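Below you'll find the structure, written out as structure tokens, and then a few comments.
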Amino acid sequence: MRGRGGAGFTTGLKWEACRNAPGKTRYVICNADEGEPGTFKDRVLLTRQPDLVFEGMTVAAYVTGASKGYVYLRGEYRYLLEPLNAVLARRRQDNLLGKGILGRSGFDFEIEVHMGAGAYICGEESALIESLEGKRGVPRNRPPFPVTNGFLNQPTVVNNVETLAAAALIAAKGGDWFKSFGTAKSSGTKILSISGDCERPGIYEYPFGVTVRQVLEECGAKATQAVQISGPSGICIGPDEFDRRIAFEDIPTAGSFMIFDIRRDIFEVVRNFINFFAHESCGFCTPCRVGTTLLKNMMEKIAAGHGTRYDLDEIYKLNRVMQSAAHCGLGHTAGNPLVHTLEKFRPAYERRLKSLEFEPAFDLDAALSQARQMTRRDDSAAHFDSAQENA
Amino acid sequence: MSDQTFTLDDQEIPFAPGQSVMQAALDAGVFVPHLCYHPEFRPHGSCKLCTVKINGRPATSCTTPAAAGLNVESNTPEILDKRRTLLQMLLVEGNHFCPSCEKSGHCKLQALGYELGVMTPHFNLIYPDRPVDASHPDVLLDFNRCILCELCIRASAEVDKKNVFSLSGRGITKHLIVNAESGRLADTDFALTDKAAQVCPVGVILPKKQGFSIPIGRRRYDAASMSAHVDEFKPTAKVQEERP
Numbered sequence: 001m002r003g004r005g006g007a008g009f010t011t012g013l014k015w016e017a018c019r020n021a022p023g024k025t026r027y028v029i030c031n032a033d034e035g036e037p038g039t040f041k042d043r044v045l046l047t048r049q050p051d052l053v054f055e056g057m058t059v060a061a062y063v064t065g066a067s068k069g070y071v072y073l074r075g076e077y078r079y080l081l082e083p084l085n086a087v088l089a090r091r092r093q094d095n096l097l098g099k100g101i102l103g104r105s106g107f108d109f110e111i112e113v114h115m116g117a118g119a120y121i122c123g124e125e126s127a128l129i130e131s132l133e134g135k136r137g138v139p140r141n142r143p144p145f146p147v148t149n150g151f152l153n154q155p156t157v158v159n160n161v162e163t164l165a166a167a168a169l170i171a172a173k174g175g176d177w178f179k180s181f182g183t184a185k186s187s188g189t190k191i192l193s194i195s196g197d198c199e200r201p202g203i204y205e206y207p208f209g210v211t212v213r214q215v216l217e218e219c220g221a222k223a224t225q226a227v228q229i230s231g232p233s234g235i236c237i238g239p240d241e242f243d244r245r246i247a248f249e250d251i252p253t254a255g256s257f258m259i260f261d262i263r264r265d266i267f268e269v270v271r272n273f274i275n276f277f278a279h280e281s282c283g284f285c286t287p288c289r290v291g292t293t294l295l296k297n298m299m300e301k302i303a304a305g306h307g308t309r310y311d312l313d314e315i316y317k318l319n320r321v322m323q324s325a326a327h328c329g330l331g332h333t334a335g336n337p338l339v340h341t342l343e344k345f346r347p348a349y350e351r352r353l354k355s356l357e358f359e360p361a362f363d364l365d366a367a368l369s370q371a372r373q374m375t376r377r378d379d380s381a382a383h384f385d386s387a388q389e390n391a
Numbered sequence: 001m002s003d004q005t006f007t008l009d010d011q012e013i014p015f016a017p018g019q020s021v022m023q024a025a026l027d028a029g030v031f032v033p034h035l036c037y038h039p040e041f042r043p044h045g046s047c048k049l050c051t052v053k054i055n056g057r058p059a060t061s062c063t064t065p066a067a068a069g070l071n072v073e074s075n076t077p078e079i080l081d082k083r084r085t086l087l088q089m090l091l092v093e094g095n096h097f098c099p100s101c102e103k104s105g106h107c108k109l110q111a112l113g114y115e116l117g118v119m120t121p122h123f124n125l126i127y128p129d130r131p132v133d134a135s136h137p138d139v140l141l142d143f144n145r146c147i148l149c150e151l152c153i154r155a156s157a158e159v160d161k162k163n164v165f166s167l168s169g170r171g172i173t174k175h176l177i178v179n180a181e182s183g184r185l186a187d188t189d190f191a192l193t194d195k196a197a198q199v200c201p202v203g204v205i206l207p208k209k210q211g212f213s214i215p216i217g218r219r220r221y222d223a224a225s226m227s228a229h230v231d232e233f234k235p236t237a238k239v240q241e242e243r244p
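Chains A and B, in that order, give the protein sequences. Each residue of the first sequence is one higher than the one before, starting from 1 at the first, in the numbering used here. Each residue of the second sequence is one higher than the one before, starting from 1 at the first, in the numbering used here.
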């Protein structure tokens with residue numbers, strides 16, 4: 001199984017590395033900081049199947065030798081805290097948590113729910129750990145990785161809610177059962193959070209390998225212009241790519257599936273995403289802290305009708321710097337929605353540009369009007385545009 | 001010193017176990033631009049000026065452990081261009097007006113700007129509103145110039161054991177704050193002799209009651225670029241005070 005949180009790291013390898021790492025205490029953390037725009041599957045799992053998720057954490061603890069588990073719960077999911085604590089209390093009563101779980105001496109494991117405070121960056125596993133330790137949510141320098149130096153510098157496994165739920169099912173039904181779904185490199189099923197312009201938005205579970213077209217048909221999407229898969233930092237595709245498949249081999253996803261039909265203005269969609277990244281940048285590194293705001297300002301300039309082709313080139317340049325120099329995935333991918341849609345939906349940008357050539361941010365000819373008045377001239381040579389044409 | 005080496009721009013760089021790529025390079029007398037790095041503190045990796053390419057992939061050289069056989073590219077046109085852009089980002093993020101800044105000539109941001117050929121800020125200035133704190137009898141805090149390297153935070157916490165500085169906000173609104181109920185430096189036990197008063201690479205933390213004691217034109221980076229001062233940044237160097 002590969003992790004369901006987006007990166008797709010092999011879960012078994014992660015658990016093995018944690019088990020083999022030297023340390024006093026090991027930790028299992030359930031990443032329930034579901035913050036990627038357009039995803040809500042973890043909320044549904046924690047609402048409807050909390051036992052399955054806790055079961056998966058307990059299996060992870062059994063494999064890695066962890067004695068403590070934390071659910072890092074998204075701040076906006078505060079209302080789930082009491083129900084989750086009630087489930088934990090019941091599991092303690094049933095000896096599914098606590099000392100000597102199900103009579104196995106030495107198998108001690110406890111789970112605690114920790115509330116996040118609404119920062120997108122805390123979905124990044126090392127920022128999540130920092131936050132859990134009571135510090136600013138800032139991604140750590142790596143190496144070392146959490147599996148060797150995680151929570152309180154101890155070996156730590158951080159897994160997505162869906163990964164842990166799937167792990168519980170694999171423990172019960174076996175690996176062969178799991179591999180009977182999906183593709184060669186993407187075993188099992190994937191839960192998609194489908195939103196946007198369709199008749200039946202919601203949670204859908206598909207075997208890996210399903211085409212985008214099939215998903216669109218089954219959720220009742222019509223006249224679809226674009227689908228944003230795996231959130232703003234993921235990929236934006238148009239109709240010519242709807243036969244591509246949801247799988248690690250083709251389009252990997254953490255589950256966000258946003259549909260935009262032909263009535264939507266892709267430029268405004270992207271502008272919203274760019275504002276989101278500028279708002280959520282943790283501010284640790286220069287390229288992301290400043291770069292996301294510069295991108296936001298450029299989108300505003302284009303929206304205000306002052307954009308030129310030069311600004312589009314600037315966007316590419318900023319994106320290259322952020323991709324290569326940013327500290328974590330947020331900065332690496334914050335320009336993705338822009339560059340993807342500049343390639344595939346370029347008219348959405350170009351029809352807003354003042355000129356496809358270079359154009360200053362203010363009207364030069366209007367600025368000359370006072371000089372024309374003073375010199376009592378209004379001939380063609382006294383106008384910027386015609387002067388340029390005559391030259 | 002072990003006999004293991006890696007390659008940096010066609011030069012063989014020896015390294016000791018535990019050294020980062022940048023530390024090894026500086027030790028060998030090869031300058032790598034940096035702002036948040038300081039030889040007496042753990043690498044921070046936030047300014048990203050020391051970005052290099054290691055085996056073809058971008059990496060932060062101050063936080064990447066040195067390893068035998070690495071192929072590190074640093075002074076290539078592509079990387080220098082990215083570093084210039086990072087400097088321009090820092091210049092437009094704050095309010096940097098060199099001609100009236102007491103730190104001019106001692107400022108690493110300015111020195112790197114000259115060294116890498118940053119001729120303009122390039123991007124539109126953001127003009128943040130950052131009031132100065134002149135409450136302390138001996139020290140002026142001019143937050144307008146802060147580049148968020150966190151060196152003062154680290155020095156005050158780790159060396160002075162005073163925790164005078166901290167961060168607040170996130171993204172572009174992230175800013176340096178003073179850990180006092182009032183937010184004023186005067187209401188802390190900060191002193192001019194603190195390590196934190198001496199590590200600012202730019203002109204945020206300045207001593208009062210003196211000004212331009214070394215004339216502009218005769219200051220550290222006026223005469224020679226930052227790379228010419230590479231020995232001061234060696235991991236073993238006894239670092240000179242940053243203030244004029």
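Think of the CB as a built atom: it goes at the ideal place given N, C-alpha and C, for glycine as much as any other residue. Values in this document were obtained by computation on a predicted structure and should not be read as measured data.
Could you tell me which chain B residues have their CB closer than 7 Å to the CB of A:A325, listed as they occur along the chain?
K48, T51, P58, K82 and L86
So with Cβ pairs under 7 Å, would you call A:P22 a contact of chain B?
Taking CB atoms only, A:P22 has no neighbour in chain B less than 7 Å away.
May I have the straight-line CA-CA distance separating B:A155 from B:S46, to the nearest angstrom?
Their Cα atoms are separated by approximately 16 Å.
For A:R200, which residues from the same chain have a beta carbon less than 6 Å from its beta carbon, with the 5 sequence-adjacent residues on both sides left out?
C219 and G220
At which residues does the alpha helix (DSSP H) containing B:S166 begin and terminate?
Segment F165 to S168 is the beta strand (DSSP E) holding B:S166; no alpha helix (DSSP H) there.
With burial defined as no fewer than 16 other Cβ atoms inside 10 Å of the residue's Cβ, what is the status of A:K222: buried or exposed?
Result: exposed.
Consider the Cβ of A:N31: report whether some Cβ of chain B lies at a distance smaller than 7 Å.
no
Could you please tell me which residues of the segment 316-343 of chain A, in chain order, have their CB closer than 9 Å to any CB of chain B?
K317, L318, R320, V321, Q323, S324, A325, A326 and H327
Contact set for A:Y72: own chain, Cβ-Cβ below 8 Å, skip 5 residues either direction
I29, C30, N31, A32, D33, H114, G116, C122, L128, S131 and L132
Is it buried or exposed, B:Y221, if we count other Cβ atoms within 10 angstroms and call 16 or more buried?
buried
Interface flag, A:N390 vs chain B, CB-CB below 7 Å:
Residue placement at A:N390 cannot be trusted, given a pLDDT of 46 that sits under 50; the coordinates are not used to answer.
Any beta-carbon of chain B closer than 7 Å to the one on A:S281?
yes
On the CB-based measure, 16 or more other CB atoms within 10 Å of its CB, does A:N336 come out buried or exposed?
The Cβ neighbour count for A:N336, taken over all protein chains shown within 10 Å, is at least 16; the residue is labelled buried.
Taking only three categories from DSSP, how would you classify A:V28?
strand
Would a C-beta distance cut-off of 7 Å place A:I194 and A:F257 closer than the cut-off?
yes
Kindly identify the DSSP beta-bridge partner or partners of B:P65.
Looking at the DSSP output, B:P65 shares a beta bridge with B:S20.
Roughly how many whole angstroms lie between the Cα atoms of A:T375 and A:A381?
A straight-line Cα-Cα distance of about 12 Å links A:T375 and A:A381.
DSSP on B:F45, reduced to helix/strand/coil?
The question names Phe, but residue 45 of chain B in the sequence shown is Gly. Three-state DSSP puts B:G45 in coil, outside helix and strand.
Taking one C-beta from the segment 13-25 of chain B and one from the segment 175-190 of chain B each time, how about it: are there three or more such pairs within less than 8 Å?
no
Taking 7 Å as the CB-CB cut-off, is B:E158 touching chain A?
Not one chain A Cβ lies under 7 Å of B:E158.
How about B:T165: is its C-beta nearer than 7 Å to some C-beta of chain A?
As written in the sequence, residue 165 of chain B is Phe, which differs from the Thr given in the question. Judged by the 7 Å Cβ criterion, B:F165 is not in contact with chain A.
Alpha helix (DSSP H) segments (min. 4 residues) lying fully within the segment 86-126 of chain B
108-116
Assuming A:E110 and A:G98 form a contact by the criterion Cβ under 8 Å, report the distance between their Cβ atoms to the nearest whole angstrom.
7 Å between Cβ atoms; contact.
Going straight from the alpha carbon of A:E124 to that of A:A367, what length do you get?
In a straight line, the C-alpha of A:E124 is about 49 Å away from that of A:A367.
Only counting the same chain, and skipping five residues up and downstream in sequence, which positions put a Cβ closer than 8 Å to that of B:V139?
L185, F190, L192, A197, I205, L206, P207 and K208
What would DSSP say about A:V113, mapped onto helix, strand or coil?
strand
Enclosing beta strand (DSSP E) for A:F257 [first to last residue]
Where A:F257 is concerned, the enclosing beta strand (DSSP E) stretches over S256 to D261.
Can you tell me whether DSSP reads A:P239 as helix, strand or coil?
helix
In whole angstroms, give me the CA-to-CA distance for A:D42 and A:E162.
If you take the alpha carbons of A:D42 and A:E162, they lie about 7 Å apart.
For A:I259, verify whether its CB is less than 6 Å away from any heavy atom of the ligand GTP.
Although the ligand GTP was asked about, the structure shown includes no ligands whatsoever.
CA-to-CA distance, B:A157 to A:E205, given in whole angstroms
50 Å
Suppose only complete runs of 4+ residues qualify. What are the alpha helix (DSSP H) ranges in the segment 286-312 of chain A, listed by chain order?
Those alpha helix (DSSP H) runs which fall completely within the segment 286-312 of chain A and span 4+ residues are 286-303.
Residues sharing a beta bridge with A:G196, DSSP:
In DSSP, A:G196 forms a bridge with A:I259.
Simplified DSSP state of B:Q11, which is helix, strand or coil
strand
7 Å is my cut-off, CB to CB: does B:T63 come that close to chain A?
Yes - at least one Cβ of chain A is within 7 Å of the one on B:T63.
Output, in chain order, the set of chain B residues within a Cβ distance shorter than 8 Å of A:T308.
Going along chain B, no residue has its Cβ under 8 Å from A:T308, so there is no contact; the nearest lies around 14 Å.
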